[in-house]
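Below: the structure, in C-alpha coordinates.
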Amino acid sequence: MGFQNNERAVEDMLSKQNYIKILNYFDKHLWDGKTTDTNWSYYGLILDWHFDNSVLCVDYLDIGDFFDHNGSFGFVDDKYLLEQYGNIPSGKHLQVLENILNILKHSTVNKEQSNHMIEMVTRVLKRENVKINNPDIGYLTVMPDDILDSGSYCNIVRVREGVLRKELISIFQNDEKLKKRMQYEFENMQKLQGCPAILNVSDFNPETHTYLMEQCEKNLYKHLEDEMELTFEERLKIIMDILTGMAFAHEKSIIHRDLHLGNILKIGNDFVIADFGLSKDLSIERSMKSSATEKNNHLFVDPLSMSDFTKLDQKSDVYSIGKIIDYVFTHNASDSNHIFKTVVERCISRNKDLRYDTAQYILNEVESILKNQDQAESKQNTISKILNNYYDAQVHDFIIGLTEMDRISKFIVEHRLSTFWKLVLSFESGYQTKILQSISYNYSEATGYGGWTNYDIFAQISFNLCLNLEDMEVRKIARSILEGCADIRYSAQNLLEKLPS
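See below:
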(Lines of atoms letter the chains of each structure in order from A and count residues from 1; the text may use other names and numbers.)
(Lines give C-alpha, C1' and ligand atoms only; values in the text may rest on other atoms or scores of the structure.)
Protein backbone atom coordinates (compact mmCIF):
# COMPACT_ATOMS: atom_id res chain seq x y z
CA MET A 1 0.00 0.00 0.00
CA GLY A 2 1.06 3.62 -0.44
CA PHE A 3 0.13 6.90 -2.09
CA GLN A 4 0.56 7.02 -5.84
CA ASN A 5 1.55 10.69 -5.84
CA ASN A 6 4.22 10.79 -3.15
CA GLU A 7 5.76 14.22 -2.59
CA ARG A 8 3.85 15.58 -5.55
CA ALA A 9 4.16 19.32 -6.13
CA VAL A 10 0.67 20.75 -6.53
CA GLU A 11 -0.43 24.28 -7.01
CA ASP A 12 -2.40 24.83 -3.85
CA MET A 13 -5.48 26.97 -4.53
CA LEU A 14 -6.65 26.67 -0.91
CA SER A 15 -6.48 30.05 0.77
CA LYS A 16 -4.08 30.40 3.69
CA GLN A 17 -6.98 31.61 5.82
CA ASN A 18 -9.02 28.43 5.29
CA TYR A 19 -5.96 26.21 5.60
CA ILE A 20 -5.32 27.68 9.05
CA LYS A 21 -8.99 27.23 9.95
CA ILE A 22 -8.84 23.55 9.04
CA LEU A 23 -5.68 22.99 11.11
CA ASN A 24 -7.32 24.73 14.07
CA TYR A 25 -10.38 22.52 13.60
CA PHE A 26 -8.23 19.39 13.70
CA ASP A 27 -6.31 20.66 16.74
CA LYS A 28 -9.56 21.28 18.58
CA HIS A 29 -10.74 17.69 18.09
CA LEU A 30 -7.44 15.81 18.14
CA TRP A 31 -5.79 17.38 21.21
CA ASP A 32 -6.45 15.40 24.37
CA GLY A 33 -4.93 13.90 27.49
CA LYS A 34 -2.27 11.22 26.96
CA THR A 35 -0.09 8.92 29.10
CA THR A 36 3.45 7.72 28.35
CA ASP A 37 4.72 4.18 28.90
CA THR A 38 6.11 5.39 32.22
CA ASN A 39 2.66 6.72 33.24
CA TRP A 40 3.58 10.37 32.67
CA SER A 41 0.43 12.31 31.87
CA TYR A 42 0.41 15.16 29.38
CA TYR A 43 -1.68 16.76 26.64
CA GLY A 44 -0.92 16.17 22.98
CA LEU A 45 -2.23 15.10 19.59
CA ILE A 46 -4.07 11.79 19.56
CA LEU A 47 -3.56 11.44 15.82
CA ASP A 48 -0.89 8.79 16.51
CA TRP A 49 -3.53 6.80 18.42
CA HIS A 50 -5.74 6.89 15.31
CA PHE A 51 -2.76 5.83 13.21
CA ASP A 52 -1.86 2.91 15.47
CA ASN A 53 -5.45 1.70 15.17
CA SER A 54 -5.52 1.73 11.39
CA VAL A 55 -4.37 -0.45 8.51
CA LEU A 56 -1.72 2.21 7.78
CA CYS A 57 0.51 0.88 10.53
CA VAL A 58 1.05 -2.26 8.39
CA ASP A 59 3.02 -0.29 5.77
CA TYR A 60 4.74 2.31 7.94
CA LEU A 61 6.94 2.06 11.02
CA ASP A 62 4.97 4.73 12.83
CA ILE A 63 3.11 7.97 12.20
CA GLY A 64 6.42 9.83 11.79
CA ASP A 65 7.45 7.43 9.01
CA PHE A 66 4.03 7.94 7.39
CA PHE A 67 4.37 11.73 7.32
CA ASP A 68 7.96 11.51 6.14
CA HIS A 69 7.11 9.17 3.25
CA ASN A 70 4.11 11.27 2.18
CA GLY A 71 5.47 14.77 1.89
CA SER A 72 8.80 14.64 3.77
CA PHE A 73 7.16 16.11 6.86
CA GLY A 74 8.14 15.62 10.45
CA PHE A 75 5.60 14.84 13.15
CA VAL A 76 5.55 15.18 16.91
CA ASP A 77 2.56 14.73 19.16
CA ASP A 78 3.34 17.44 21.70
CA LYS A 79 2.84 20.36 19.29
CA TYR A 80 -0.36 21.53 17.68
CA LEU A 81 -0.78 20.80 13.97
CA LEU A 82 -0.95 24.54 13.38
CA GLU A 83 2.43 24.99 15.05
CA GLN A 84 3.99 22.18 13.00
CA TYR A 85 2.46 22.85 9.58
CA GLY A 86 1.04 26.38 9.65
CA ASN A 87 4.02 27.96 7.89
CA ILE A 88 5.04 25.29 5.40
CA PRO A 89 5.08 26.21 1.66
CA SER A 90 1.57 26.60 0.27
CA GLY A 91 2.21 23.93 -2.33
CA LYS A 92 2.29 21.32 0.46
CA HIS A 93 -0.89 22.35 2.26
CA LEU A 94 -3.07 19.81 0.51
CA GLN A 95 -0.60 16.98 1.18
CA VAL A 96 -0.71 17.67 4.94
CA LEU A 97 -4.51 17.63 4.91
CA GLU A 98 -4.52 14.47 2.82
CA ASN A 99 -2.28 12.72 5.37
CA ILE A 100 -4.51 13.68 8.29
CA LEU A 101 -7.72 12.75 6.48
CA ASN A 102 -6.34 9.33 5.50
CA ILE A 103 -5.40 8.55 9.08
CA LEU A 104 -8.92 9.46 10.17
CA LYS A 105 -10.48 7.43 7.35
CA HIS A 106 -8.58 4.26 8.11
CA SER A 107 -8.73 4.54 11.90
CA THR A 108 -11.06 2.20 13.78
CA VAL A 109 -11.23 4.66 16.69
CA ASN A 110 -14.44 6.66 17.10
CA LYS A 111 -15.53 6.19 13.46
CA GLU A 112 -18.56 8.47 13.79
CA GLN A 113 -16.46 11.47 14.88
CA SER A 114 -13.77 10.74 12.27
CA ASN A 115 -16.32 10.55 9.45
CA HIS A 116 -17.93 13.80 10.62
CA MET A 117 -14.54 15.56 10.58
CA ILE A 118 -13.85 14.29 7.07
CA GLU A 119 -17.27 15.55 5.89
CA MET A 120 -16.76 18.99 7.44
CA VAL A 121 -13.31 19.49 5.92
CA THR A 122 -14.54 18.20 2.55
CA ARG A 123 -17.19 20.93 2.47
CA VAL A 124 -14.65 23.66 3.18
CA LEU A 125 -12.28 22.35 0.51
CA LYS A 126 -15.05 22.07 -2.05
CA ARG A 127 -15.85 25.76 -1.59
CA GLU A 128 -12.26 26.52 -2.58
CA ASN A 129 -12.30 24.34 -5.71
CA VAL A 130 -10.36 21.54 -4.04
CA LYS A 131 -11.80 18.08 -4.57
CA ILE A 132 -11.54 14.98 -2.40
CA ASN A 133 -11.73 11.56 -4.01
CA ASN A 134 -12.82 9.25 -1.22
CA PRO A 135 -13.47 5.70 -2.51
CA ASP A 136 -15.05 3.10 -0.26
CA ILE A 137 -11.80 1.14 -0.24
CA GLY A 138 -8.31 2.58 -0.56
CA TYR A 139 -6.67 5.91 -0.09
CA LEU A 140 -8.42 9.25 0.00
CA THR A 141 -6.81 11.86 -2.30
CA VAL A 142 -6.94 15.65 -2.11
CA MET A 143 -6.18 17.74 -5.17
CA PRO A 144 -7.08 21.02 -6.88
CA ASP A 145 -10.20 20.72 -8.98
CA ASP A 146 -9.00 22.10 -12.29
CA ILE A 147 -12.50 22.38 -13.73
CA LEU A 148 -13.80 25.50 -12.01
CA ASP A 149 -17.02 25.87 -13.96
CA SER A 150 -19.00 24.24 -16.75
CA GLY A 151 -21.45 25.61 -19.26
CA SER A 152 -23.72 23.98 -21.80
CA TYR A 153 -20.84 23.13 -24.12
CA CYS A 154 -17.56 24.17 -22.48
CA ASN A 155 -15.48 23.92 -19.30
CA ILE A 156 -13.44 26.59 -17.55
CA VAL A 157 -10.17 24.97 -16.49
CA ARG A 158 -7.45 26.30 -14.20
CA VAL A 159 -4.07 26.64 -15.92
CA ARG A 160 -2.13 28.51 -13.27
CA GLU A 161 -2.76 31.20 -10.69
CA GLY A 162 -4.80 33.95 -12.35
CA VAL A 163 -5.10 32.20 -15.73
CA LEU A 164 -7.92 29.92 -16.93
CA ARG A 165 -8.60 28.05 -20.16
CA LYS A 166 -11.94 27.79 -21.91
CA GLU A 167 -12.34 24.50 -23.73
CA LEU A 168 -15.07 22.41 -25.30
CA ILE A 169 -16.48 19.57 -23.20
CA SER A 170 -15.09 16.27 -24.46
CA ILE A 171 -18.33 15.13 -26.11
CA PHE A 172 -18.40 18.35 -28.18
CA GLN A 173 -14.75 18.48 -29.24
CA ASN A 174 -15.64 17.32 -32.76
CA ASP A 175 -18.66 19.58 -33.14
CA GLU A 176 -17.76 21.89 -36.02
CA LYS A 177 -20.43 24.45 -35.17
CA LEU A 178 -19.20 24.81 -31.60
CA LYS A 179 -15.59 24.96 -32.76
CA LYS A 180 -16.51 27.93 -34.94
CA ARG A 181 -18.39 29.52 -32.07
CA MET A 182 -15.34 29.28 -29.80
CA GLN A 183 -13.14 30.87 -32.45
CA TYR A 184 -15.69 33.55 -33.25
CA GLU A 185 -16.14 34.39 -29.58
CA PHE A 186 -12.38 34.75 -29.18
CA GLU A 187 -12.11 36.96 -32.27
CA ASN A 188 -14.85 39.31 -31.05
CA MET A 189 -13.35 39.56 -27.56
CA GLN A 190 -9.94 40.26 -29.08
CA LYS A 191 -11.45 43.24 -30.90
CA LEU A 192 -12.52 44.61 -27.51
CA GLN A 193 -9.21 44.19 -25.68
CA GLY A 194 -8.62 47.93 -25.40
CA CYS A 195 -11.42 48.22 -22.83
CA PRO A 196 -10.73 47.47 -19.13
CA ALA A 197 -14.38 46.45 -18.65
CA ILE A 198 -14.03 43.49 -21.04
CA LEU A 199 -12.49 40.20 -19.89
CA ASN A 200 -8.96 39.71 -21.26
CA VAL A 201 -8.40 36.67 -23.49
CA SER A 202 -5.33 35.39 -25.32
CA ASP A 203 -3.59 32.47 -27.08
CA PHE A 204 -6.32 30.87 -29.15
CA ASN A 205 -5.28 27.34 -30.14
CA PRO A 206 -6.73 26.53 -33.60
CA GLU A 207 -6.08 22.79 -33.13
CA THR A 208 -7.95 22.41 -29.84
CA HIS A 209 -10.21 25.47 -30.24
CA THR A 210 -9.35 26.68 -26.75
CA TYR A 211 -8.17 30.01 -25.45
CA LEU A 212 -6.84 31.51 -22.22
CA MET A 213 -8.65 34.05 -20.07
CA GLU A 214 -7.93 35.92 -16.86
CA GLN A 215 -9.33 34.45 -13.67
CA CYS A 216 -12.11 36.24 -11.82
CA GLU A 217 -13.42 35.89 -8.30
CA LYS A 218 -17.12 35.33 -8.97
CA ASN A 219 -19.98 36.46 -11.16
CA LEU A 220 -22.28 39.38 -10.42
CA TYR A 221 -25.16 37.19 -9.27
CA LYS A 222 -22.98 35.56 -6.61
CA HIS A 223 -21.55 38.94 -5.58
CA LEU A 224 -25.01 40.43 -5.05
CA GLU A 225 -26.04 37.39 -3.02
CA ASP A 226 -22.89 37.59 -0.88
CA GLU A 227 -23.09 41.33 -0.17
CA MET A 228 -26.23 42.05 1.83
CA GLU A 229 -25.76 45.82 2.13
CA LEU A 230 -24.19 47.47 -0.88
CA THR A 231 -23.92 51.27 -0.84
CA PHE A 232 -25.23 53.44 -3.66
CA GLU A 233 -21.63 54.10 -4.72
CA GLU A 234 -20.85 50.36 -4.86
CA ARG A 235 -23.95 49.65 -6.95
CA LEU A 236 -23.12 52.58 -9.22
CA LYS A 237 -19.59 51.26 -9.75
CA ILE A 238 -21.02 47.97 -11.03
CA ILE A 239 -23.34 49.70 -13.48
CA MET A 240 -20.74 52.15 -14.75
CA ASP A 241 -18.32 49.29 -15.48
CA ILE A 242 -21.02 47.40 -17.40
CA LEU A 243 -22.04 50.49 -19.37
CA THR A 244 -18.41 51.29 -20.18
CA GLY A 245 -17.84 47.78 -21.51
CA MET A 246 -21.04 47.58 -23.53
CA ALA A 247 -20.64 51.11 -24.92
CA PHE A 248 -17.19 50.09 -26.17
CA ALA A 249 -18.59 46.89 -27.70
CA HIS A 250 -21.40 48.71 -29.47
CA GLU A 251 -18.94 51.30 -30.77
CA LYS A 252 -17.03 48.39 -32.34
CA SER A 253 -20.34 47.14 -33.84
CA ILE A 254 -20.37 44.05 -31.60
CA ILE A 255 -23.54 43.02 -29.79
CA HIS A 256 -23.47 40.58 -26.89
CA ARG A 257 -26.93 38.97 -27.15
CA ASP A 258 -26.48 37.01 -23.91
CA LEU A 259 -25.92 39.66 -21.27
CA HIS A 260 -26.99 38.65 -17.75
CA LEU A 261 -25.62 38.51 -14.20
CA GLY A 262 -23.67 35.30 -14.85
CA ASN A 263 -21.65 36.88 -17.66
CA ILE A 264 -20.48 39.85 -15.58
CA LEU A 265 -17.45 38.91 -13.49
CA LYS A 266 -15.70 40.51 -10.53
CA ILE A 267 -11.92 41.09 -10.55
CA GLY A 268 -10.77 42.96 -7.45
CA ASN A 269 -12.99 46.05 -7.29
CA ASP A 270 -13.81 46.00 -10.99
CA PHE A 271 -16.49 44.23 -13.03
CA VAL A 272 -15.87 42.93 -16.54
CA ILE A 273 -18.09 41.53 -19.26
CA ALA A 274 -17.36 38.00 -20.44
CA ASP A 275 -18.78 35.17 -22.55
CA PHE A 276 -19.29 36.64 -26.00
CA GLY A 277 -20.13 33.15 -27.29
CA LEU A 278 -23.38 34.39 -28.80
CA SER A 279 -22.03 37.77 -29.86
CA LYS A 280 -22.35 39.10 -33.35
CA ASP A 281 -20.17 41.49 -35.32
CA LEU A 282 -22.58 43.72 -37.22
CA SER A 283 -19.81 44.96 -39.48
CA ILE A 284 -19.20 41.66 -41.29
CA GLU A 285 -21.41 39.26 -43.21
CA ARG A 286 -20.00 36.00 -41.85
CA SER A 287 -21.49 36.46 -38.39
CA MET A 288 -22.77 33.14 -37.10
CA LYS A 289 -26.46 32.60 -37.67
CA SER A 290 -27.77 31.19 -34.44
CA SER A 291 -30.91 29.12 -34.18
CA ALA A 292 -34.14 30.66 -32.99
CA THR A 293 -34.12 28.57 -29.80
CA GLU A 294 -30.79 29.49 -28.20
CA LYS A 295 -30.77 29.11 -24.42
CA ASN A 296 -30.63 32.45 -22.61
CA ASN A 297 -31.33 33.83 -19.16
CA HIS A 298 -35.03 34.60 -19.46
CA LEU A 299 -34.99 37.42 -16.89
CA PHE A 300 -32.69 39.55 -19.01
CA VAL A 301 -33.39 38.55 -22.61
CA ASP A 302 -35.48 40.87 -24.77
CA PRO A 303 -39.01 39.36 -24.80
CA LEU A 304 -39.59 40.73 -28.31
CA SER A 305 -36.89 38.36 -29.56
CA MET A 306 -37.48 35.28 -27.39
CA SER A 307 -39.28 33.48 -30.20
CA ASP A 308 -36.52 34.24 -32.69
CA PHE A 309 -33.00 34.58 -31.33
CA THR A 310 -31.70 35.92 -34.65
CA LYS A 311 -33.67 39.14 -34.07
CA LEU A 312 -31.51 40.16 -31.09
CA ASP A 313 -29.75 43.45 -31.86
CA GLN A 314 -28.17 46.43 -30.08
CA LYS A 315 -31.53 47.44 -28.67
CA SER A 316 -31.86 43.93 -27.26
CA ASP A 317 -28.59 44.51 -25.41
CA VAL A 318 -30.11 47.79 -24.22
CA TYR A 319 -33.06 45.82 -22.80
CA SER A 320 -30.69 43.48 -20.93
CA ILE A 321 -28.72 46.43 -19.56
CA GLY A 322 -31.92 48.04 -18.28
CA LYS A 323 -32.94 44.87 -16.47
CA ILE A 324 -29.47 44.57 -14.93
CA ILE A 325 -29.50 48.21 -13.76
CA ASP A 326 -32.84 47.66 -12.06
CA TYR A 327 -31.72 44.36 -10.49
CA VAL A 328 -28.50 45.85 -9.11
CA PHE A 329 -30.23 48.86 -7.55
CA THR A 330 -33.18 46.94 -6.06
CA HIS A 331 -31.60 43.66 -4.91
CA ASN A 332 -31.46 43.57 -1.11
CA ALA A 333 -32.34 47.28 -1.10
CA SER A 334 -34.77 48.81 1.37
CA ASP A 335 -36.45 50.84 -1.38
CA SER A 336 -37.26 49.58 -4.88
CA ASN A 337 -37.15 53.14 -6.23
CA HIS A 338 -33.89 54.58 -7.51
CA ILE A 339 -32.76 57.56 -9.55
CA PHE A 340 -32.38 55.49 -12.74
CA LYS A 341 -35.99 54.25 -12.90
CA THR A 342 -36.77 56.36 -15.96
CA VAL A 343 -33.63 55.03 -17.67
CA VAL A 344 -34.74 51.47 -16.96
CA GLU A 345 -38.25 52.14 -18.26
CA ARG A 346 -36.88 53.44 -21.52
CA CYS A 347 -34.42 50.54 -21.86
CA ILE A 348 -37.11 47.88 -21.48
CA SER A 349 -39.90 49.58 -23.40
CA ARG A 350 -41.88 47.14 -25.55
CA ASN A 351 -41.73 49.78 -28.26
CA LYS A 352 -38.16 49.34 -29.49
CA ASP A 353 -38.28 52.77 -31.13
CA LEU A 354 -38.42 54.31 -27.65
CA ARG A 355 -35.35 52.44 -26.39
CA TYR A 356 -31.88 53.95 -26.41
CA ASP A 357 -30.04 53.12 -29.62
CA THR A 358 -26.84 51.87 -27.95
CA ALA A 359 -25.23 51.49 -24.54
CA GLN A 360 -23.40 54.80 -25.06
CA TYR A 361 -26.72 56.67 -24.95
CA ILE A 362 -27.56 54.96 -21.65
CA LEU A 363 -24.14 55.91 -20.29
CA ASN A 364 -24.68 59.53 -21.34
CA GLU A 365 -28.10 59.59 -19.65
CA VAL A 366 -26.77 58.09 -16.42
CA GLU A 367 -23.91 60.60 -16.33
CA SER A 368 -26.39 63.45 -16.94
CA ILE A 369 -28.59 62.27 -14.04
CA LEU A 370 -25.57 62.03 -11.76
CA LYS A 371 -24.38 65.49 -12.80
CA ASN A 372 -27.80 67.02 -12.16
CA GLN A 373 -27.98 65.25 -8.82
CA ASP A 374 -24.56 66.57 -7.86
CA GLN A 375 -25.58 70.06 -8.92
CA ALA A 376 -28.82 69.84 -6.93
CA GLU A 377 -26.97 68.62 -3.85
CA SER A 378 -24.34 71.34 -4.29
CA LYS A 379 -27.02 74.00 -4.68
CA GLN A 380 -28.85 72.85 -1.58
CA ASN A 381 -25.62 72.81 0.37
CA THR A 382 -24.85 76.38 -0.73
CA ILE A 383 -28.33 77.56 0.21
CA SER A 384 -27.90 76.00 3.64
CA LYS A 385 -24.72 78.03 4.08
CA ILE A 386 -26.54 81.22 3.09
CA LEU A 387 -29.34 80.51 5.56
CA ASN A 388 -26.69 80.26 8.24
CA ASN A 389 -24.90 83.43 7.07
CA TYR A 390 -21.79 81.43 6.16
CA TYR A 391 -19.60 82.99 3.49
CA ASP A 392 -17.21 81.11 1.22
CA ALA A 393 -16.31 80.91 -2.48
CA GLN A 394 -19.39 78.82 -3.36
CA VAL A 395 -21.69 81.27 -1.56
CA HIS A 396 -19.95 84.20 -3.27
CA ASP A 397 -20.39 82.72 -6.76
CA PHE A 398 -23.99 81.69 -6.08
CA ILE A 399 -25.06 85.16 -4.87
CA ILE A 400 -23.24 86.97 -7.66
CA GLY A 401 -24.87 84.60 -10.17
CA LEU A 402 -28.32 85.49 -8.82
CA THR A 403 -27.38 89.17 -8.86
CA GLU A 404 -26.31 89.10 -12.51
CA MET A 405 -29.61 87.43 -13.45
CA ASP A 406 -31.56 89.99 -11.31
CA ARG A 407 -32.97 87.12 -9.23
CA ILE A 408 -31.40 88.03 -5.89
CA SER A 409 -34.51 89.86 -4.63
CA LYS A 410 -36.80 86.90 -5.35
CA PHE A 411 -34.31 84.58 -3.64
CA ILE A 412 -34.32 86.80 -0.53
CA VAL A 413 -38.13 86.75 -0.37
CA GLU A 414 -38.35 83.01 -1.06
CA HIS A 415 -36.06 82.22 1.88
CA ARG A 416 -37.11 85.25 4.00
CA LEU A 417 -33.50 86.34 4.45
CA SER A 418 -33.91 89.34 6.72
CA THR A 419 -30.30 88.76 7.93
CA PHE A 420 -28.93 88.83 4.37
CA TRP A 421 -27.14 92.08 5.26
CA LYS A 422 -24.57 90.06 7.22
CA LEU A 423 -23.47 88.25 4.05
CA VAL A 424 -23.41 91.50 2.04
CA LEU A 425 -20.81 92.84 4.48
CA SER A 426 -18.51 89.93 3.52
CA PHE A 427 -18.30 91.15 -0.10
CA GLU A 428 -15.94 93.81 -1.41
CA SER A 429 -17.52 97.22 -2.04
CA GLY A 430 -17.68 96.71 -5.81
CA TYR A 431 -19.76 93.53 -5.36
CA GLN A 432 -21.82 95.21 -2.63
CA THR A 433 -22.77 97.90 -5.14
CA LYS A 434 -23.88 95.29 -7.71
CA ILE A 435 -25.95 93.36 -5.15
CA LEU A 436 -27.73 96.43 -3.76
CA GLN A 437 -28.37 97.88 -7.21
CA SER A 438 -30.04 94.62 -8.26
CA ILE A 439 -32.15 94.67 -5.07
CA SER A 440 -33.04 98.30 -5.65
CA TYR A 441 -34.30 97.54 -9.17
CA ASN A 442 -36.29 94.42 -8.28
CA TYR A 443 -37.32 94.36 -4.62
CA SER A 444 -40.72 95.90 -5.20
CA GLU A 445 -41.63 93.31 -7.83
CA ALA A 446 -40.20 90.52 -5.67
CA THR A 447 -42.54 91.31 -2.78
CA GLY A 448 -45.40 89.96 -4.86
CA TYR A 449 -49.04 90.97 -5.06
CA GLY A 450 -50.32 91.63 -1.55
CA GLY A 451 -47.02 90.65 -0.02
CA TRP A 452 -46.72 93.83 2.04
CA THR A 453 -44.85 92.11 4.86
CA ASN A 454 -42.08 91.23 2.41
CA TYR A 455 -41.13 94.92 2.37
CA ASP A 456 -40.14 94.45 6.02
CA ILE A 457 -37.45 91.96 4.92
CA PHE A 458 -35.81 94.52 2.62
CA ALA A 459 -36.26 97.24 5.24
CA GLN A 460 -34.36 95.18 7.83
CA ILE A 461 -31.57 94.43 5.33
CA SER A 462 -31.14 98.03 4.17
CA PHE A 463 -31.41 99.46 7.71
CA ASN A 464 -28.63 97.25 9.06
CA LEU A 465 -26.47 97.91 6.02
CA CYS A 466 -26.85 101.66 6.57
CA LEU A 467 -25.53 101.17 10.09
CA ASN A 468 -22.62 98.90 9.13
CA LEU A 469 -21.43 99.72 5.61
CA GLU A 470 -18.17 101.62 5.36
CA ASP A 471 -18.47 102.75 1.73
CA MET A 472 -20.59 105.91 1.59
CA GLU A 473 -21.78 105.33 -2.00
CA VAL A 474 -22.97 101.81 -1.18
CA ARG A 475 -24.65 103.15 1.95
CA LYS A 476 -26.61 105.63 -0.20
CA ILE A 477 -28.06 102.75 -2.23
CA ALA A 478 -29.07 100.93 0.97
CA ARG A 479 -30.74 104.09 2.29
CA SER A 480 -32.69 104.57 -0.93
CA ILE A 481 -34.08 101.03 -0.58
CA LEU A 482 -35.13 101.73 3.01
CA GLU A 483 -36.78 105.00 1.93
CA GLY A 484 -38.72 103.10 -0.75
CA CYS A 485 -39.94 100.58 1.82
CA ALA A 486 -40.85 103.43 4.19
CA ASP A 487 -43.34 104.74 1.61
CA ILE A 488 -45.21 101.43 1.93
CA ARG A 489 -44.69 100.26 5.50
CA TYR A 490 -44.88 102.20 8.80
CA SER A 491 -42.36 99.78 10.34
CA ALA A 492 -39.85 100.74 7.64
CA GLN A 493 -40.58 104.41 8.30
CA ASN A 494 -39.76 103.85 11.97
CA LEU A 495 -36.40 102.28 11.02
CA LEU A 496 -35.63 105.18 8.69
CA GLU A 497 -36.22 107.64 11.49
CA LYS A 498 -33.72 105.79 13.67
CA LEU A 499 -30.89 106.43 11.21
CA PRO A 500 -28.62 109.36 11.86
CA SER A 501 -29.40 112.22 9.49
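For what it's worth, the numbering used here labels the leading residue of the sequence shown as 2, then goes sequentially.
For every residue, glycine included, the Cβ atom is placed at its ideal position computed from N, Cα and C.
Since we're looking at a predicted model, the values are computed, not measured.
Query: Cβ-Cβ distance between Ile243 and Ile265 below 8 Å; Result: yes
Query: Minimum C-alpha distance to Glu99 - residue among Phe233, His70 and Asp150; Result: His70
Query: 6 Å CB neighbourhood of Glu474 in its chain, flanking five on each side removed; Result: none
Query: Length of the line joining the Cα atoms of Leu305 and Lys324; Result: 14 Å
Query: Val59 classed as buried or exposed, judged by whether at least 16 other C-beta atoms fall within 10 angstroms; Result: exposed
Query: Cβ-Cβ separation, Phe187 to Phe205 (assumed contact under 8 Å), whole Å; Result: 5 Å
Query: Proximity winner among Arg124, Gly92 and Ser350, relative to Glu162 (alpha-carbon distances); Result: Gly92
Query: Test item: CB-CB of Tyr442 and Ile482 under 8 Å; Result: no
Query: Under the three-state DSSP convention, the category Glu366 falls into; Result: helix
Query: Best match in Gly34, Gly431, Met229 and Thr454 for proximity to Val414 [C-alpha to C-alpha]; Result: Thr454
Query: Straight-line gap, Ser292 to Ile157 (C-alpha atoms, nearest Å); Result: No answer about Ser292 holds up, because its pLDDT of 37 lies below 50 and its placement is not dependable.
Query: Cβ shell of Ser430 (< 7 Å), same chain only, five flanking positions each side left out; Result: Asp472 and Val475
Query: Terminal residues of the beta strand (DSSP E) in which Glu215 lies; Result: Thr211 to Glu215
Query: Anticipated Cβ contact below 8 Å, Val329 with Arg236, distance rounded; Result: 5 Å
Query: Uninterrupted beta strand (DSSP E) stretches inside the region 111–188 (no shorter than 3 residues); Result: 131–134, 142–145, 148–151, 155–161 and 164–169
Query: When Leu141, Leu403, Thr209 and Ile199 are compared against Lys181, the one with the closest alpha-carbon; Result: Thr209
Query: Near the ligand ADP: Arg236 beta-carbon under 7 Å from a heavy atom; Result: Looking for the ligand ADP in the displayed structure turns up nothing, as the structure carries no ligands at all.
Query: contact_flag[the region 32–52, the region 131–151] where n(CB pairs < 8 Å) is 3 or more; Result: no
Query: Of the residues Glu218, Phe76 and Ser108, the one placed nearest Val56, counting alpha carbons only; Result: Ser108
Query: 7 Å CB neighbourhood of Asp146 in its chain, flanking five on each side removed; Result: Asn130, Val131 and Lys132
Query: Check whether Val319 and Ile387 have beta carbons under 8 Å apart; Result: no
Query: Alpha-carbon spacing of Ile239 relative to Asp271, whole angstroms; Result: 7 Å
Query: CB contact flag (Leu466, Ala479, <8 Å); Result: yes
Query: Terminal residues of the beta strand (DSSP E) in which Asp204 lies; Result: Val202 to Asn206
Query: Whether Leu179 touches Tyr212 by CB criterion (8 Å); Result: no
Query: Cut-off 7 Å between Cβ atoms - residues of its own chain near Gly246, not counting five sequence neighbours on either side; Result: Cys196, Ala198, Ile199, Val273 and Ile274
Query: Beta bridge counterpart(s) of Leu483 as assigned by DSSP; Result: DSSP, once it has assigned bridges, lists no residue as partnering Leu483.
Query: Rounded straight-line distance, which links the Cα of Tyr20 to that of Asn88; Result: 10 Å
Query: Beta carbon of His51 nearer than 8 Å to that of Ile119; Result: no
Query: Helix, strand or coil at Ser321 [DSSP, three-state]; Result: helix
Query: C-beta atoms of Ser502 and Ile462 nearer than 8 Å; Result: no
Query: Check whether Phe341 and Ser321 have beta carbons under 8 Å apart; Result: no
Query: Range covered by the alpha helix (DSSP H) that runs through Asp33; Result: Taken as a continuous stretch (DSSP letters only), Asp33 belongs to no alpha helix (DSSP H), being part of the beta strand (DSSP E) at Trp32 to Thr36.
Query: Pair within 8 Å by beta-carbon distance, Arg258 and Ser317; Result: yes
Query: DSSP bridge partner residues for Gly45 (one or two, in chain order); Result: Asp33
Query: Ile349 (DSSP reduced to helix, strand or coil); Result: coil
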